[in-house]
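In the UniProt record's numbering, the protein residues as written are 1 to 264.
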């Protein structure tokens, strides 16, 4: 029987190519020992491993739902990189990020998605709005879509601003909580099929699938700034939050529909 549980490869960073200064956390293009280029997200950046966890969980949930996401890999960063970098800001970031980081396959030749230039169908728009409502992703706006157009397909990137409750863990046991910022979603106007998508996606995101995705989070990302006694309990909290929110998805779907009605 084929094992369809999500799995991530691990690569070793061999060359720091260039910083991506348009990203608030100063990600970079880097080359790994498999000869591919990646967008490298650093554990030593401002939001720390919380952003990497959100990137991992959000990206793999999106992949489970059939949305296009670049391959996500674990990326080992050696201490030597911090010693040879001339820029002091980047040098400090590299030194703080020695060890296991996260990276996404670099989509060479892609362009930033502009909803005014590239039309997409209402079903796809509804799928993305549903995903971001589940994850409470605050960073998919007209100003910063975090979507790329590549090979005539729409690709989702940068879920690091999702699951923002985990920066404090206040109210995490109330996953039915509102997500009012859905009103700013760049695709909300086109999201006309949320009810149909809701039925489809609830069937795909089983508790077993959520547990498999959350199980990917490395122990070392779950030990700093946590109210939980063990990494296992920390993962269980993510699983509980997501599965309960999925079970009550009608709530955030209605919220998105009300927000959409105020726009159209």
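Cβ atoms here follow ideal geometry from the backbone N, Cα and C, with glycine treated the same way.
Just so we're clear, the structure is a prediction, and the values are computed from it rather than from any experiment.
Measuring straight from C-alpha to C-alpha, what distance separates residue i and residue j?
i	j	result
residue 94	residue 49	14 Å
residue 232	residue 56	17 Å
residue 8	residue 62	15 Å
residue 122	residue 98	43 Å
residue 87	residue 54	28 Å
residue 225	residue 247	28 Å
residue 14	residue 35	9 Å
residue 252	residue 78	42 Å
residue 210	residue 220	20 Å
residue 129	residue 261	14 Å
residue 139	residue 257	19 Å
residue 80	residue 102	18 Å
residue 186	residue 115	7 Å
residue 20	residue 28	5 Å
residue 10	residue 104	11 Å
residue 38	residue 30	5 Å
residue 249	residue 259	15 Å
residue 239	residue 151	34 Å
residue 159	residue 124	17 Å
residue 89	residue 195	47 Å
residue 41	residue 47	11 Å
residue 235	residue 207	13 Å
residue 26	residue 217	22 Å
residue 213	residue 64	9 Å
residue 241	residue 164	12 Å
residue 204	residue 131	12 Å
residue 190	residue 120	8 Å
residue 200	residue 69	19 Å
residue 198	residue 230	33 Å
residue 100	residue 12	9 Å
residue 66	residue 109	22 Å
residue 182	residue 6	28 Å
Under the DSSP definition of a beta bridge, which residues are partnered with residue i?
i	result
residue 149	111 and 154
residue 166	Its beta-bridge partners do not exist; DSSP assigns none.
residue 10	74
residue 39	29 and 104
residue 99	77
residue 185	141
residue 68	155
On the three-state DSSP scale, how would you describe residue i?
i	result
residue 74	strand
residue 19	strand
residue 51	helix
residue 234	helix
residue 265	Lying outside 1 to 264, the shown extent of the chain, residue 265 is not represented and no answer is given.
residue 252	helix
residue 193	coil
residue 203	helix
residue 58	helix
residue 121	coil
residue 5	coil
residue 239	helix
residue 180	helix
residue 161	coil
residue 126	helix
residue 217	coil
residue 87	coil
residue 116	coil
residue 34	coil
residue 173	coil
Compute the beta-carbon to beta-carbon distance between residue i and residue j, rounded to the nearest angstrom, for a pair I have assumed lies under 8 Å.
i	j	result
residue 75	residue 32	7 Å
residue 154	residue 107	11 Å between Cβ atoms; not a contact.
residue 179	residue 145	With 8 Å as the limit, residue 179 and residue 145 do not qualify as a contact, their Cβ atoms being about 18 Å apart.
residue 134	residue 245	6 Å
residue 58	residue 137	7 Å
Let me see if you follow: with CB-CB separation under 7 Å, is residue i close to chain E or not?
i	result
residue 141	This model lacks chain E altogether, as it is built from one protein chain only.
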